[in-house]
Amino acid sequence: MGENDEISKAPASILDQILDETFQKLENIEDFDSELISELKKVKLPGNTSTEQKLISILRGESP
Numbered sequence: 101m102g103e104n105d106e107i108s109k110a111p112a113s114i115l116d117q118i119l120d121e122t123f124q125k126l127e128n129i130e131d132f133d134s135e136l137i138s139e140l141k142k143v144k145l146p147g148n149t150s151t152e153q154k155l156i157s158i159l160r161g162e163s164p
């Protein structure tokens with residue numbers, strides 16, 4: 101039960117906010133996967149598209 105208390109308390113930092121939003125989205129995994137992959141594709145990584153592909157592979161549960 102203590103874990104649920106931690107998730108429900110207000111985020112104290114940007115990292116906590118990201119983690120909080122991620123856990124909320126994980127409750128509805130179908131939307132989370134397509135939305136996150138869509139957002140990752142929009143990210144401009146400076147000359148390193150292989151990093152983007154590795155991130156997408158990891159999020160899809162594939163081996164990087």
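Residues 101 to 164 (the working numbering) are what the sequence shown spells out, left to right. We put the CB at the ideal spot given by N, CA and C, even for glycine.
#1: Using the Cα positions of F123 and L136, report the straight-line distance between them to the nearest angstrom.
#2: Does DSSP put S134 in a helix, a strand or coil?
#3: Among S113, I114, L159, which one has its Cα closest to the Cα of S138?
#4: So, with DSSP's three-state summary, where would you put S150?
Once the coordinates are examined:
#1: 13 angstroms
#2: helix
#3: L159
#4: helix
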